[in-house]
Every structure is written in structure tokens, then in C-alpha cells.
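A short worksheet on the structure shown next.
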Amino acid sequence: MSTKPQAEHEWLNKFVGEWTFEGECQMGPDQPPMTFSGTESARLLGGLWVQAEAKGTMPGGGVSTSLFAVTFDPARGAYVGTFVASVSAFLWVYEGQVDDSGTKLVLNTVGPDMSGSGGTANYRDITEFTPDGLRILTSEVQGADGGWTQLVRMTFKRTA
1174 MSTKPQAEHE WLNKFVGEWT FEGECQMGPD QPPMTFSGTE SARLLGGLWV
1224 QAEAKGTMPG GGVSTSLFAV TFDPARGAYV GTFVASVSAF LWVYEGQVDD
1274 SGTKLVLNTV GPDMSGSGGT ANYRDITEFT PDGLRILTSE VQGADGGWTQ
1324 LVRMTFKRTA
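Everything in the sequence shown is counted per the numbering used here, starting at 1174 for the first residue and increasing by one.
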């Protein structure tokens, strides 16, 4: 079975390159945001997949490495992907779409509830490519009321 690259796959070329990033995350409702930074290298695989490896500091100390892979699945009519990090044994599995503006990829997933309930929660990662060449990643969690709360915001700057 062979898949030919489509316009949706070409859209993913925006990720390809060398990047630096700075970010902040909210560790709790009454705690100040914590910052982190690092580098990312993203490449295209066969014109269909983007695979990115990031290395950086952890909020509060330490180092983390992560791998992100995403493609467009024509059979599902959706972008699909995965994310793993060296600090967790959880495999994040994504599905989503590019929004109507054509600048944002919204990937939805279900993962461990960070509140410690032992259950799961809905999450979404929104990647926006700005006109000035930045890439903004916002990670959000859905609350019991259906509203979304920002957990992480990262700003990526292309270096190559």
C-alpha cells in the first residue's frame, strides 16, 4: 500500500527545520508559571510524515527529550500523530484538523487527568504558524464544565 502526498501532507512542511523554543507551564491554580527552553529538529519522512525531536530543560530542573510524529490520514480525513517524552511512559495519540484559517493545527487526545483523580481528561494541542515566522504551541485541558484551560504555551523560532 502506497500513499501519495496530498495538499494536507504539504501543509506539514511548515514544521520542518531547526528550532529553538521557550515555554511556560502552569503547575497548579495557585502557583506561578514555570519556564523551560530547548531545541527541536523536525524532518519530513517520505513526504507524508513529520518527525520532530526536541531536547530541553524541564520546569523545575532536569532535562527531557521528546518525539512527535504527525501525518494526514486520507482514510480518516484527519491529521493523526503521537507524542512521547523521556519523563513519562504515556503514549499520547492525536487526531485533529487544520482550522479554517489554515494557520492552526488542532490535535485532540485523551490522557491522564493531571489533577490526580486517577481518571482521564481531554486535551488539545494547538499549533499556530504566525505571519512573522513563529510557531506557537498551546496545550489545553478540558474541565468538567466543558471549558478549556491552558497548561503550556511554547514559542518556537526557526534557526535553519
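Here a beta-carbon is modelled for each residue, glycine too, at the ideal position from N, C-alpha and C.
Same chain, Cβ closer than 7 Å to residue i, neighbours up to 5 away in sequence not counted
| i | result |
| --- | --- |
| V1266 | T1255 and T1282 |
| L1217 | N1186, V1189 and V1223 |
| T1206 | According to the sequence as given, residue 1206 is Pro; it is not Thr. If we look at P1206 and ignore the five residues flanking it on each side, its Cβ neighbours are E1197, C1198 and Q1199. |
| D1272 | V1279 |
| D1286 | G1292, T1293 and A1294 |
Proximity below 7 Å, CB of residue i to CB of residue j
| i | j | result |
| --- | --- | --- |
| W1192 | E1213 | yes |
Per DSSP, cross-strand counterpart(s) of residue i
| i | result |
| --- | --- |
| S1290 | Partner(s): none; S1290 has no beta bridge. |
| R1216 | Q1224 |
| R1331 | W1192 |
| A1317 | Beta-bridge pairing links A1317 to no other residue. |
| A1251 | D1246 |
| K1177 | Beta-bridge pairing links K1177 to no other residue. |
Whole-Å CB distance - residue i paired with residue j, under 8 Å assumed
| i | j | result |
| --- | --- | --- |
| G1284 | T1293 | 6 Å |
| Q1179 | P1247 | 7 Å |
| Q1270 | Y1296 | 16 Å between Cβ atoms; not a contact. |
| T1300 | L1278 | 5 Å |
| F1241 | H1182 | Rounded, the Cβ-Cβ distance is 16 Å, inconsistent with contact. |
| L1324 | Q1204 | The pair is not a contact, with the Cβ atoms about 12 Å apart (cut-off 8 Å). |
| D1298 | S1288 | With a Cβ gap of about 19 Å, D1298 and S1288 do not count as contacting. |
| R1331 | G1306 | 6 Å |
| T1322 | V1314 | 6 Å |
6 Å CB neighbourhood of residue i in its chain, flanking five on each side removed
| i | result |
| --- | --- |
| E1195 | S1210 and T1328 |
| T1238 | K1228 and S1259 |
| C1310 | The residue you asked about is not Cys; residue 1310 is Leu in the sequence shown. Excluding residues within five positions, the ones whose Cβ falls inside 6 Å are T1300 and M1327. |
| K1177 | none |
beta-carbon residue i near the ligand NAD non-hydrogen atom, thresh 6 Å
| i | result |
| --- | --- |
| I1299 | The ligand NAD is absent from the structure shown, which contains no ligand whatsoever. |
Spatial neighbours of residue i in its chain, beta-carbon cut-off 8 Å, leaving aside the 5 residues before and after
| i | result |
| --- | --- |
| A1333 | G1190 and E1191 |
| G1235 | V1260 |
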